[in-house]
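Note sheet for the following structure.
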Amino acid sequence: MSEDDAPLIYLMAGEASGDVLGAGLMRSLKTMTGGRVRFAGLGGDAMTAEGLESLFPISEMAVMGIVEILPKAPKLLRRVRETVEDAWQRQPAAVVSIDSKAFTMRVQKRLHKLRAAVGGQGPKLIHWVPPTVWAWRPGRAKSIARHLDHLLTLFPFEPPYFEAHGLETTFVGHPAVGQPAGNGAAFRGRFRLPKGAPVLGVLPGSRPGEVKSLLPVFREVVGRLAGRYQPLQVVIPTVPLVADAILEETKDWRAPVTVVQDPRYKYDAFAACTVALAASGTVTLELTLAGVPTVVAYRVNAVSAAIARRLIDPDAIVLTNKLLGRRVVPQFIQEDCTADRLTVAVERLFDDPRARAEQGAASEAVRGLLKADDENPSDRAARTVLRVAG
37 MSEDDAPLIY LMAGEASGDV LGAGLMRSLK TMTGGRVRFA GLGGDAMTAE
87 GLESLFPISE MAVMGIVEIL PKAPKLLRRV RETVEDAWQR QPAAVVSIDS
137 KAFTMRVQKR LHKLRAAVGG QGPKLIHWVP PTVWAWRPGR AKSIARHLDH
187 LLTLFPFEPP YFEAHGLETT FVGHPAVGQP AGNGAAFRGR FRLPKGAPVL
237 GVLPGSRPGE VKSLLPVFRE VVGRLAGRYQ PLQVVIPTVP LVADAILEET
287 KDWRAPVTVV QDPRYKYDAF AACTVALAAS GTVTLELTLA GVPTVVAYRV
337 NAVSAAIARR LIDPDAIVLT NKLLGRRVVP QFIQEDCTAD RLTVAVERLF
387 DDPRARAEQG AASEAVRGLL KADDENPSDR AARTVLRVAG
């Protein structure tokens with residue numbers, strides 16, 4: 037088989053977490069096909085390292101909130117059109133979109149319409165990481181089912197929502213279960229953190245809007261903690277998209293700050309943390325699996341929050357809590373996201389061994405819930421993509 041005859045898989049990932057999933061999928065597809073596979077589409081640094089040439093920078097899609105997306109809507113819609121044209125012209129065996137629903141589902145719907153116009157001939161349409169219909173607007177499951185051939189999910193409770201509308205769905209497991217155990221001592225030595233110093237992990241999100249919203253309140257929290265826990269060290273594992281903003285914002289914090297962009301040190305950084313203060317998102321699940329006692333915070337534009345409050349199940353905001361069916365990880369959302377409340381919650385985790393132990397016990401329970409037949413999630417996803425693509 038020549039290179040041009042190898043099946044083409046068109047991939048779309050719009051943010052850092054999706055980029056990591058996409059890179060893992062690419063590696064598994066290459067392994068399973070003996071390298072006889074081609075890629076096109078959209079991705080970030082991780083997918084680029086696996087051989088993808090992105091149609092345009094995915095940083096253009098890194099937006100959050102209902103109001104925040106409006107100023108970028110014209111450009112996003114233009115990029116949707118460009119992506120649809122590129123994918124349809126290439127006629128891949130499958131189009132696999134990953135998260136970033138505001139963008140990727142628009143592309144998938146238009147591709148479905150084009151395919152229907154030619155009698156159903158065209159690429160198979162697959163999506164990985166569906167909208168959180170279990171947290172808000174469950175009616176979206178029906179709409180999504182009309183435009184896809186297959187869905188891949190991270191969580192075991194998701195398939196029934198979509199299968200009820202006839203969409204074939206596969207729980208592939210969550211890649212976080214395979215995250216390596218970090219070496220905290222090595223991290224402390226590499227980055228010259230004082231021996232025995234308390235370490236606060238600060239994780240303000242991977243999107244510019246999240247960082248802009250959360251870092252000011254996190255700054256206040258750190259300022260209060262620095263006077264009590266000496267010599268307090270702050271470690272911020274982050275991604276290149278927001279690293280410059282974080283470096284600028286934290287340069288005069290009251291505690292020393294170590295900003296880590298290199299993904300090789302991410303889990304070592306987690307292992308070095310005594311406690312973490314994190315934005316709601318996938319990272320909270322990673323911190324649970326790493327056994328790091330965590331406090332979760334989140335807030336968005338007031339108008340976005342007012343709309344979301346009517347639609348979102350507050351018990352589904354923190355993934356660890358959703359999986360376990362109880363609030364193990366303290367969460368402070370919107371008006372509750374204040375320096376006063378966050379400081380008290382973080383201090384409790386620093387001071388109370390029982391509070392830390394409760395979160396530690398959640399780690400193995402969550403790990404068990406996120407496995408799918410003990411198969412690597414990227415391999416299971418790749419196997420499913422190849423099957424659906426034929």
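Going by our numbering, the sequence shown opens with residue 37, and the numbers climb by one from there. A virtual CB, placed ideally from N, CA and C, is assigned to each residue, including glycine.
- For Y334, the pairing in a beta bridge is given by DSSP as I369.
- Excluding its 5 nearest sequence neighbours in each direction, L187 has C-beta neighbours in its own chain below 6 Å: H163, P166, F198, L203 and T205, listed in chain order.
- Less than 8 Å divides the Cβ of G77 from the Cβ of M48.
- From the listed residues A333, D410, R182 and P159, the smallest Cα separation to H201 is found for R182.
- In this structure the region 291 to 306 does not touch the region 411 to 424; the number of beta carbon pairs closer than 8 Å is below three.
- Three or more beta-carbon pairs drawn from the region 322 to 333 and the region 300 to 313 are found closer than 8 Å, and the two stretches are therefore classed as touching.
- For the 8 Å CB-CB criterion, V278 and S242 form a contact.
- The three-state secondary structure of R115, taken from DSSP, is helix.
- Contact annotation: the region 230 to 245 touches the region 270 to 286, with at least three C-beta pairs closer than 8 Å.
- Here S242 carries a coil assignment [DSSP, helix/strand/coil].
- Within the same chain, Cβ atoms closer than 8 Å to the Cβ of K231 are found at R224, the five residues on either side in sequence being excluded.
- Of the candidates D388, L378, H148 and E246, L378 places its Cα closest to the Cα of E256.
- Rounded to the nearest whole angstrom, the C-alpha separation of A42 and S133 is 20 Å.
- Judged by their CB atoms, A291 and L268 are nearer to each other than the 8 Å cut-off.
- Around R142, the same chain offers V116 as residues with beta carbons nearer than 6 Å, after the five sequence neighbours per side are excluded.
- Separation of A177 and F207 (C-alpha to C-alpha, rounded to the nearest whole angstrom) is 15 Å.
- Non-local beta-carbon contacts of A408 in its own chain, meaning distances under 7 Å to residues more than five positions away in sequence, involve F207, V208, G209 and R416 in chain order.
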